[in-house]
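J.: Quick note on numbering: our numbering labels position 25 of the sequence shown as 25, and the sequence is numbered without any gaps.
Note that CB positions come from ideal geometry on N, CA and C, so glycine has one too.
The following block contains the structure, expressed as structure tokens.
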Amino acid sequence: MCASSTTDEFSQMNVVEQKGTKEQIFIKNTHEIRWFESISNTLMYLKLPETATQPMIAYVTLSNADSNPIEPLQWIKVEEAWFIQQPSNNPASTWSAYQTQQEAKEALSPPFNSIYRFQEITLERLTQP
1 MCASSTTDEF SQMNVVEQKG TKEQIFIKNT HEIRWFESIS NTLMYLKLPE TATQPMIAYV
61 TLSNADSNPI EPLQWIKVEE AWFIQQPSNN PASTWSAYQT QQEAKEALSP PFNSIYRFQE
121 ITLERLTQP
């Protein structure tokens with residue numbers, strides 16, 4: 001469980017007080033842990049030019065077939081996850097992570113039928129609704 005003083009790196013909102021996913025990044029050279037309230041914010045941070053080259057380990061919360069976080073929260077390394085982007089007007093709330101490609105396929109909602117690995121997700125993709 002994360003401490004109540006943790007805040008999202010971008011929104012500065014308390015991660016514990018927010019429902020839904022809770023992601024984290026461990027920065028190896030400084031031993032810092034950074035918390036995020038959404039998969040989108042986590043992916044964005046990892047893809048930014050100023051942070052993309054830092055030595056980090058990132059974890060995202062797994063989702064169920066309804067694209068809701070599995071309770072109790074279950075974590076997976078970002079490089080091991082399968083991601084989908086659900087239709088939404090708000091890009092920050094559209095990403096879900098799955099442990100297997102099959103689980104991601106089962107969660108797809110037409111007309112969106114793309115499954116991504118972390119390496120395939122671009123900054124441009126993250127900012128599209």
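Hey, how far is the Cα of Q74 from the Cα of A65?
T.: Counting from one through the sequence shown, the residue named residue 74 turns up at place 74. Counting from one through the sequence shown, the residue named residue 65 turns up at place 65. Their Cα atoms are separated by approximately 14 Å.
J.: Roughly how many angstroms lie between the CA atoms of M1 and F36, to the nearest whole one?
T.: Numbered from its first residue, the sequence shown carries residue 1 at position 1. Numbered from its first residue, the sequence shown carries residue 36 at position 36. Because the pLDDT of M1 is 42, which lies under 50, any placement of that residue in the model is unreliable, and the number read from its coordinates should be weighed accordingly. So the two alpha carbons sit approximately 14 Å from each other.
J.: Determine the direct distance from the alpha carbon of T122 to that of P49, and round the result to whole angstroms.
T.: Position 49 of the sequence shown, counting from 1, holds the residue named residue 49. Position 122 of the sequence shown, counting from 1, holds the residue named residue 122. Spanning the two alpha carbons is a distance of roughly 11 Å.
J.: Look up E106 in the DSSP assignment and say whether it is helix, strand or coil.
T.: By 1-based counting over the sequence shown, the position of residue 106 is 106. The answer is helix: DSSP assigns E106 an H, G or I state.
J.: To the nearest angstrom, how far is the alpha carbon of A58 from that of Y116?
T.: For the purposes of this step, residue 58 is identified with residue 58 of the sequence shown, where counting begins at 1. For the purposes of this step, residue 116 is identified with residue 116 of the sequence shown, where counting begins at 1. Those two C-alpha atoms are separated by around 16 Å.
J.: Going along the chain, which residues of its own chain have a beta-carbon closer than 8 Å to the beta-carbon of E106, five neighbours each way excluded?
T.: As a first step, residue 106 is located in the sequence shown; it is residue number 106 there, counting from the start. Result list for E106: A65, in chain order.
J.: Give a yes or no on whether the C-beta atoms belonging to K22 and T61 are separated by under 8 Å.
T.: Locating residue 22 in the sequence shown gives position 22, where the first residue counts as 1. Locating residue 61 in the sequence shown gives position 61, where the first residue counts as 1. Yes.
J.: Can you tell me which of I70, M13, P72 and V78 puts its alpha carbon nearest to the alpha carbon of K47?
T.: As a first step, residue 47 must be located in the sequence shown, where it is residue number 47. Closest by alpha carbon: V78.
J.: From E120 to D8, what distance separates their C-alpha atoms?
T.: For this step, residue 120 is matched to residue 120 along the sequence shown. For this step, residue 8 is matched to residue 8 along the sequence shown. Distance between the alpha carbons of E120 and D8 is about 24 Å.
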